[in-house]
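Remarks on the structure that follows.
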Amino acid sequence: MMRTAEDLARSIGAELEGDGARPVRGLAGPEQAQADDLIYCEGERQRARAEASRAGTALVPPGLALPGKTLLRVTEPKLAFARAAAFLLEPAPAAQGIHPSAVIAPSARLGPGVSVGPFAVIEEEVEIGGGSEIGAHCFLGRGTRLGESCRLYPRVTIYAGTRLARGVVVHSGAVIGSDGFGYVRGPDRQWKFPQIGRLEIGEDVEIGANSAIDRGSLGVTLLGADVKIDNLVQIAHNVEIGEHVVIAAQTGISGSSIVGRDAMIGGQVGIGDHCTIEPGAVCGGQAGILTGKTIQSGWVVWGTPARPLEQFKKQYSWFARLPELARRVKRLEGRLGVEDKPSD
Amino acid sequence: MMRTAEDLARSIGAELEGDGARPVRGLAGPEQAQADDLIYCEGERQRARAEASRAGTALVPPGLALPGKTLLRVTEPKLAFARAAAFLLEPAPAAQGIHPSAVIAPSARLGPGVSVGPFAVIEEEVEIGGGSEIGAHCFLGRGTRLGESCRLYPRVTIYAGTRLARGVVVHSGAVIGSDGFGYVRGPDRQWKFPQIGRLEIGEDVEIGANSAIDRGSLGVTLLGADVKIDNLVQIAHNVEIGEHVVIAAQTGISGSSIVGRDAMIGGQVGIGDHCTIEPGAVCGGQAGILTGKTIQSGWVVWGTPARPLEQFKKQYSWFARLPELARRVKRLEGRLGVEDKPSD
Amino acid sequence: MMRTAEDLARSIGAELEGDGARPVRGLAGPEQAQADDLIYCEGERQRARAEASRAGTALVPPGLALPGKTLLRVTEPKLAFARAAAFLLEPAPAAQGIHPSAVIAPSARLGPGVSVGPFAVIEEEVEIGGGSEIGAHCFLGRGTRLGESCRLYPRVTIYAGTRLARGVVVHSGAVIGSDGFGYVRGPDRQWKFPQIGRLEIGEDVEIGANSAIDRGSLGVTLLGADVKIDNLVQIAHNVEIGEHVVIAAQTGISGSSIVGRDAMIGGQVGIGDHCTIEPGAVCGGQAGILTGKTIQSGWVVWGTPARPLEQFKKQYSWFARLPELARRVKRLEGRLGVEDKPSD
Chain A
-17 MMRTAEDLAR SIGAELEGDG ARPVRGLAGP EQAQADDLIY CEGERQRARA
33 EASRAGTALV PPGLALPGKT LLRVTEPKLA FARAAAFLLE PAPAAQGIHP
83 SAVIAPSARL GPGVSVGPFA VIEEEVEIGG GSEIGAHCFL GRGTRLGESC
133 RLYPRVTIYA GTRLARGVVV HSGAVIGSDG FGYVRGPDRQ WKFPQIGRLE
183 IGEDVEIGAN SAIDRGSLGV TLLGADVKID NLVQIAHNVE IGEHVVIAAQ
233 TGISGSSIVG RDAMIGGQVG IGDHCTIEPG AVCGGQAGIL TGKTIQSGWV
283 VWGTPARPLE QFKKQYSWFA RLPELARRVK RLEGRLGVED KPSD
Chain B
-17 MMRTAEDLAR SIGAELEGDG ARPVRGLAGP EQAQADDLIY CEGERQRARA
33 EASRAGTALV PPGLALPGKT LLRVTEPKLA FARAAAFLLE PAPAAQGIHP
83 SAVIAPSARL GPGVSVGPFA VIEEEVEIGG GSEIGAHCFL GRGTRLGESC
133 RLYPRVTIYA GTRLARGVVV HSGAVIGSDG FGYVRGPDRQ WKFPQIGRLE
183 IGEDVEIGAN SAIDRGSLGV TLLGADVKID NLVQIAHNVE IGEHVVIAAQ
233 TGISGSSIVG RDAMIGGQVG IGDHCTIEPG AVCGGQAGIL TGKTIQSGWV
283 VWGTPARPLE QFKKQYSWFA RLPELARRVK RLEGRLGVED KPSD
Chain C
-17 MMRTAEDLAR SIGAELEGDG ARPVRGLAGP EQAQADDLIY CEGERQRARA
33 EASRAGTALV PPGLALPGKT LLRVTEPKLA FARAAAFLLE PAPAAQGIHP
83 SAVIAPSARL GPGVSVGPFA VIEEEVEIGG GSEIGAHCFL GRGTRLGESC
133 RLYPRVTIYA GTRLARGVVV HSGAVIGSDG FGYVRGPDRQ WKFPQIGRLE
183 IGEDVEIGAN SAIDRGSLGV TLLGADVKID NLVQIAHNVE IGEHVVIAAQ
233 TGISGSSIVG RDAMIGGQVG IGDHCTIEPG AVCGGQAGIL TGKTIQSGWV
283 VWGTPARPLE QFKKQYSWFA RLPELARRVK RLEGRLGVED KPSD
C-alpha cells in the first residue's frame, strides 16, 4: 500500500513541512536511502549525513532545516522513526496458511487467520489466538496457550502448558518453558526437584534467538508486558520480570529473582538467586549481583559484586593506581626506617 | 494410579503420623497446594506457611508438628520431597509411539518401547535402548548409541557417533557432540584441526536447553554419571567431567580441562583450557579460572582470576576501601612533608 | 581412497624419510593411533609419546628422529597435521541427495550437486551454490543466498535475505541473520527500531553450535573471510568482523563494533557497542571492553574494564596484596601517632 508523507505525519502525530504528497515506501539510514525512503536526524551532529542523503522525507527535531526534503517535525525523531516503521513496514509473515505437513492435534484450537509453517508440531489442547503465526519446525507442547497476533519464528520450542499473551514475538531457537535447574543431593545420587510450575509471558514481549526461559519449579515464572529480551539470555525458574524491562544478550537471571518494571539489564550480567532489582534500576554489562542482594531504584550498578557506578569509579581509579600507591607507602617506610615486608 | 500417604511413606522410607489412607496425587508449594497434594517443611521458619496450606500431607523434620495434616517424618524433607516427586509424578512422554513422519534409517535399531516424535531423523546404525523417548525434530547422527530410558526433548541434535548411557535426559535445543573449536594458523588461512574424537555421556546425566557439548578432537569428551548441566552451557573438546558434578547456566569449560567428581560450578563461570578442578571444589558464579590452573579440593573460589573465597573477601574489602587508604597515605605524606606525586 | 605417506608428503610439501609406500588412512593422537594412522610431534617434550605410538607415520620438526616410523619432516608439525586432515579426511556429508520430505519453493535455485536433508525448508528465491549441503531441519528464509560448497549442519536457521559466500560451515542450532536488539522507549511502551538490514558472511567462515548472528538494523552486519566463531557466541547488528578473526565460545559483541582482521577474542568476552578492536589485537577470556573503547593493534588486553595485560598484572599483584598494604599503612600511622580511621 502506497503511503505519503502526509499519511505518515498523521499516523505518528508529526508536523508536516513541505510536499505532503511525497511517497514514503520504506526506512533507511542516510547513506542507503532512496528518494522514497524516510530517514531521521536527531540534531546538528547528524545534519551533514542527513543533508547529503537521497531520502525525500526526514524526521527532524524542532529548529532543524534540511533544504529540499519533506520534513516531519517531532520532538523525538528516533522514537518517531521506530513508530513510523510500525506504520510503514509489513513484517514478512513467519508462516502463510496452514502447511499440510504440520502435525496439529485434533483437540488443538486455532483462531481465525492463524498460519502454521512446514513441520510444525502442535500438541493436544493447544490454543492459538487469531492472526498468530507459527513458523516452520516450531513445537508447541500440550496445553500451550497463545494470545492473538503472536509470531513464532521458525524453530521455537514451547514446553507444555506455557501461556503467551497477545503480540508475543519469539525468535528462532528460543526454548520457552523448559525445566528449571534444581536437584537435591542424596547419599548416592541427585534427585530432581520437581519442575512442574508454569511460565506466563505478558503482551508484546519479544524474546531473542536461542534464549532459554524456564518454567516455575512449583510456582510460576512471569514476564510482564513489553519485556524485551535479547539473544542467548537465560531466565531461571520462578523469576518475575516487571513490565518494560530490557535485558541484553547473554545475561542470566537465577531462580526466584525479581526484576522490577522499567529496569535495564546490560549484556552478560549475572543475577544470583533471590535478588531484587528494584524498578528502574540499571545493571551495567557483565555486572554480577550476588545471591539475595537488592539493587535499588535509581542506582546504576557496575562490576562484580555490583555496586553503584560512582562508587565503582572511585575504587577502580585507585585500583589502576595501586602500583603507585604501593611505591608511596614504601617511600614513607624508607623515611621512617620501617621495613617493608609484611607485618604478619 | 492412586497413591496414599502410606504408599508414599513406604516408598521413601518416612515415618508416618496420622491418616495413612489419605490420597496423595501431586506435589505443590504450600500456597498452591490442594488437599491431596504433598508439601514439605524444612523447619520453624517455614512452619507458618505449611500450617496455612490446604495440603493434607506434609514432609516434616523430627520434632515439627502440623496439626490436622498427615505427617511423613524424615531427616531431610527437601530431599524426601524430590524423591516423592520421582515416585508420584509420571513425566509427560517426550513422544508416544513411532510417529509415521519420522525418518528412521533401515539399519537403525530401536529397543522395545522406544517412541519417536514427528519429524525426528534417525540415521544409519543408530542404536536406541528400550523405553527411550525421542522428541519431535530430534536428529540422531549416524552410529549414535543411546542406552535405555533416555529422554530427548523436542529438537535435540546429536552428532554422529555420540554415546549416551541409560537414563540421559537432554532438553530442547541442546547440541551434543558438535565439532570442537580448533584451528592452526597458516600463512594465508586457518586450517581446521581435526575434530574427529568422540563424546561419551554417563548414566542419568541431564543437559539443559540450548547447551552445547563438543566431541573430542582426537580423544574423547567425557561426562560422568549423574552430571547435571543447566541451560546454555558450553563444554569444549576433550573435557572430562566426573560423577555428580553440577554446572549452572551459561558456564563455559575450555578444552582438555578436568572437573573432578562432586564439584559444583556456578553460573557464567569461565574455565580456561587444561585446568583441573579437583573433586568437590566449588567455583562461585562468574569466576574465571585461568588456563592451566588447579582449583583444589575443599576450596570455594571466587572472582577472576579465581581464588579462595576468604582470600577474595579480604582483598575485596580493601578494594572497596581504596579511596580511604589513598587518603590515609596522603595524610602520612603530609605529616612527613613528602610530595604525593608518583615516585617514578 | 588409499593414500600413502608419499602422497601425503607431496600434498602438504613435507620431506619424506623412510617408507613412502606406507598407507596412511587416518589421523589420531599418539595413544589411539593404529599402524596406518598419522600422528604429529612438535618437539622433544612430545617425543616419548610419539615413539611409543603404534602409528606408522609421523610429522616431525627438523632434527627429531623416531626410529621405525616413516617421517614427514616439516617446520610446523601441528599446522601440517591440520593440512593433512584436509587431505585425508572426507567429512561425513551433512545431507545426501535431495530428501523427498524437504519443502523447497519453486523459485529456489539449487546448483549442481546440492544435497538437502529431511524436513529442510527452503523458501522462495533462495539460491544455493553447487556442492552445498543443507542438513535436516534447516530453514533458509526467502532470498537467502549461499555460495558453493557450504555446509549447514542439521537445524540451522537462516533469516530471509542473508548471504553466505562459498565454503561457509554452520553448526547445528545456530541462528543466522536474526533481528538485532533495538527499541526506543515511548511514553507507555517500547517501539522496535527497524531491523531490516542484511547479514553478509565471507568465504570459509565457520560458525559454532547455538551461536546467534544478527542482521544489520539499517545497515549491514559483516563477517570477513576465514572468520572462525565458536559455540554460543552473540554478534549484534551492524558489527563488522575482519578476515581471519577467531572468537571463542560465549563471547558477545554489541552493536556497531568493529573487529579488525587477525584479532583473537577469547571466551566469554563482552565487547560493548561502538568499540574498535584493531587488527591483530588479543582480548583475553572474560575481558570486558566498554562502550566506544579502542583496543590497539599489538595489545593483549585483560580484565574489565580491559587494559593491557602487563598493566593488569601489576595492578592485580597489588590487589592481591591489599591486606598487607593496609597493614603497612596502619603501622606507619602507629609510628606517627596518626589515627587510622577514615579522614573524611
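Quick note, the sequences are listed as chains A, B and C, same order. For what it's worth, my numbering labels the leading residue of the first sequence as -17, then goes sequentially. For what it's worth, my numbering labels the leading residue of the second sequence as -17, then goes sequentially. For what it's worth, my numbering labels the leading residue of the third sequence as -17, then goes sequentially. Just so it is clear, CB atoms sit at the ideal spot from N, CA and C, and this is done for glycine as well. Remember, it's a predicted structure, so these values are computed and weren't measured experimentally.
Leaving out five residues before and five after ILE(-6)/C in sequence, what residues of the same chain have Cβ atoms less than 8 Å from its Cβ? LEU54, VAL56, ALA62, ARG65, ALA66 and PHE69
With a CB to CB cut of under 7 Å and the five nearest residues on each side skipped, what residues in its chain are close to VAL157/B? THR139 and ALA194
Given this structure, state the Cα-to-Cα distance separating GLN232/A from ARG(-15)/B, to the nearest angstrom. 43 Å
Less than 9 Å between CB atoms is the rule here; does ALA(-9)/C satisfy it with respect to chain A? no
Are the beta-carbon atoms of ILE229/C and ASP212/C separated by less than 9 Å? yes
Output, in sequence order along the chain, the residues in the segment 169 to 183 of chain B whose CB is closer than 8 Å to any CB in chain C. ARG171, GLN172, TRP173, LYS174, PHE175, PRO176 and ILE178
Do LEU9/A and LEU181/C come within 9 Å of each other at the CB atom, strictly closer than that value? no
For ILE21/C and ALA40/C, believed in contact at Cβ under 8 Å, the rounded distance: 5 Å
Between GLY270/A, ARG197/A, TRP281/A and ALA207/A, which has its C-alpha nearest SER238/A's C-alpha? ARG197/A
With DSSP as the reference, please indicate the residues paired to LEU41/B in a beta bridge. TYR22/B and LEU54/B
Between GLN232/A and chain C, is there a C-beta pair that is closer than 9 Å? yes
Which residues in the same chain as GLN216/C place their Cβ atom closer than 6 Å to its Cβ, once the five residues preceding and following it in sequence are excluded? ALA194 and GLY234
Inside the segment 287 to 320 of chain C only - alpha helix (DSSP H) runs reaching at least 4 residues: 291 to 302 and 304 to 318
For ARG29/B, which option in PRO12/B, GLY38/B and GLY267/B has the closest C-alpha, if you only look at C-alpha atoms? PRO12/B
Contiguous beta strand (DSSP E) assignments of at least 3 residues, all confined to the segment 158 to 191 of chain B: 165 to 167, 172 to 174 and 180 to 183
Within 8 Å of chain B by C-beta, residues of the segment 264 to 281 of chain C in sequence order: GLY267 and GLN268
Using C-beta distances below 8 Å, list every residue in its chain close to GLY50/B, excluding the 5 sequence neighbours before and after it, in chain order. none
Could you tell me whether the segment 118 to 125 of chain C touches the segment 84 to 104 of chain C, using the rule of 3 or more Cβ pairs below 8 Å? yes
Buried/exposed call for LYS295/B, threshold 16 Cβ in 10 Å: exposed
Checking the sheet assignment: what are the DSSP bridge partners for GLY252/A? GLY234/A and GLY270/A
Let me know the secondary structure DSSP gives PHE63/B once reduced to three states. helix
Excluding five sequence neighbours on each side, which residues of the same chain lie with their C-beta closer than 6 Å to the C-beta of ALA147/A? GLY129, GLY184 and GLU185
In terms of alpha-carbon separation, which member of SER279/C, VAL251/C and GLY248/C lies closest to PRO339/C? What the structure shows of chain C is the stretch from -17 to 326, and residue 339/C is not part of that stretch, so it cannot be assessed.
If you follow the beta strand (DSSP E) that ILE195/C is in, where does it begin and where does it stop? 194 to 196
Quick check: what's the CA-CA separation for ARG167/B versus ILE247/C? 15 Å
Chain B residues whose Cβ lies nearer than 7 Å to that of PRO100/C: VAL85 and VAL103
Which same chain residues end up closer than 6 Å to ARG91/A when comparing Cβ atoms and leaving out the 5 residues on each side of it in sequence? GLU109
Would you mind working out which of ILE240/B, THR203/B and VAL187/B sits nearest SER226/B, comparing C-alpha positions? Per the sequence shown, residue 226/B should be read as His rather than Ser. Nearest option by C-alpha distance: VAL187/B.
Under the three-state DSSP convention, the category LEU146/B falls into: strand
Starting from SER154/B, find everything on chain A with Cβ-Cβ shorter than 8 Å and list it in chain order. PHE121, THR139, TYR141, VAL157 and SER160
Beta-carbon contacts of GLU133/B that lie in its chain and below 6 Å, excluding the five residues immediately before and after: Reading the sequence as shown, one finds Arg at residue 133/B and not Glu. Once the five neighbours on either side are set aside, the close Cβ partners of ARG133/B are ALA76, GLU115 and VAL151.
I need the boundaries of the beta strand (DSSP E) containing LEU205/B, first residue and last residue. 202 to 205
Nearest to TRP173/A by CA position, among GLY125/B, LYS60/B and GLY254/B, is which residue? LYS60/B
With 7 Å as the limit, tell me which residues of the segment 294 to 317 of chain B have their beta carbon closer than that to any beta carbon of chain C; keep them in chain order. LYS296, GLN297, TRP300, PHE301, GLU306, LEU307, ARG309, ARG310, VAL311, ARG313, LEU314 and ARG317
Test item: CB-CB of GLY377/B and ASP255/A under 9 Å: Here chain B covers residues -17 to 326 and nothing more, so residue 377/B does not appear.
So which residues on chain C does ARG65/A lean against when the C-beta distance must stay under 9 Å? VAL166, GLY168 and TRP173
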